[in-house]
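Working notes, structure below.
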Amino acid sequence: MVDIGGQRLQAQAGLTSTDGSQFFLAPGGFNRIVALTVTDSGLLVGSNVIQGWVDPPENVHAERYGDDVKISWNWSRNDAKVDVSWVVDGIPRTRTFTHARYRRDGGANLKNADLITDVELRTIVSIEGEQWSSPKVSVPLEKVAHPPVLQYAVRLKKRLFGNTVAHVKIEGQGELETLEVAVVVKRGRYIPLSIDDGRVIAHETL
Numbered sequence: 195m196v197d198i199g200g201q202r203l204q205a206q207a208g209l210t211s212t213d214g215s216q217f218f219l220a221p222g223g224f225n226r227i228v229a230l231t232v233t234d235s236g237l238l239v240g241s242n243v244i245q246g247w248v249d250p251p252e253n254v255h256a257e258r259y260g261d262d263v264k265i266s267w268n269w270s271r272n273d274a275k276v277d278v279s280w281v282v283d284g285i286p287r288t289r290t291f292t293h294a295r296y297r298r299d300g301g302a303n304l305k306n307a308d309l310i311t312d313v314e315l316r317t318i319v320s321i322e323g324e325q326w327s328s329p330k331v332s333v334p335l336e337k338v339a340h341p342p343v344l345q346y347a348v349r350l351k352k353r354l355f356g357n358t359v360a361h362v363k364i365e366g367q368g369e370l371e372t373l374e375v376a377v378v379v380k381r382g383r384y385i386p387l388s389i390d391d392g393r394v395i396a397h398e399t400l
């Protein structure tokens, strides 16, 4: 079995249950574990199971935008989905995010932020038709920041020769203090989701 990519598991010394069962340390990721019995005539193949562990989303962050709250996170796997569950005005809700939906929406945008409680995230992975779930991660909404509500518009002025010039207009609601603004550019169809999601070409104080 080792010749075809298998790995022999070593029993953990001193870890034996009262019924004679032994404990083994499994490798990371997902694995198919097969019980093999060595006989004089060859191997007897026993039952097999899939073993694995799914890590929850990392660096989960909540940020307030007016009446909405945006939940963002780092993905633990490229082939995973993330379930976002929350309670709004006493009614439980759930929304499932693929990588494509996350990029399109810029995260999980939840409406009626003042009525939202019990926000939780978990990673979902399908292995051979079986669904695996990570432990849930709670989002502490009581620490959600309330940044000013801003609107911006971008106007591009293309030149026959030379670089394209971009004019950015930013407007805020109510009285605003000094704002530190970073201009981030990124190739592709989707806008940058953070200052680290592209190339910073300018820092401005407004």
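Going by the working numbering, the sequence shown opens with residue 195, and the numbers climb by one from there.
Glycine included, every Cβ here is placed at the ideal spot set by N, Cα and C.
- Scanning its chain for C-beta atoms nearer than 8 Å, with the 5 sequence neighbours on each side dropped, one finds around GLU365 the residues LEU344, GLN345 and TYR346, in chain order.
- In the DSSP assignment, ASP299 falls within the unbroken alpha helix (DSSP H) covering 293-299.
- Contact annotation: GLU257 and SER270 have beta-carbon atoms that are not nearer than 8 Å.
- Where LEU304 is concerned, the enclosing beta strand (DSSP E) starts and stops at 302-304.
- Secondary structure note for ASN272: it is in no beta strand (DSSP E), with a DSSP letter that is neither H nor E.
- When C-alpha distances from VAL254 are compared across ASN357, PHE224 and ASP277, the shortest belongs to ASP277.
- With contacts defined by Cβ atoms closer than 8 Å, VAL375 and GLY392 do not form a contacting pair.
- Excluding residues up to 5 positions away in sequence, VAL377 and VAL379 lie with their Cβ nearer than 7 Å to the Cβ of ILE395 in the same chain.
- The beta carbon of LYS352 is closer than 6 Å to those of THR358 in its chain, skipping five residues each way along the sequence.
- Non-local C-beta neighbours of GLU398 in its own chain, meaning closer than 6 Å and more than five positions away in sequence, comprise VAL375, ordered along the chain.
- For ALA396, the pairing in a beta bridge is given by DSSP as VAL377.
- Secondary structure within the segment 308-340: the beta strand (DSSP E) runs of 3 or more consecutive residues, fully enclosed, are 310-321 and 324-327 (chain order).
- A straight-line Cα-Cα distance of about 45 Å links SER327 and LEU350.
- When DSSP reads this structure, TRP280 sits in a beta bridge with ARG287.
- Straight through space, the alpha carbons of THR317 and SER241 are spaced by roughly 28 Å.
- Short of 7 Å from the beta carbon of ASP262, and not among the five residues preceding or following it, lie these beta carbons of its own chain, in chain order: ASN303, LEU304, LYS305 and ALA307.
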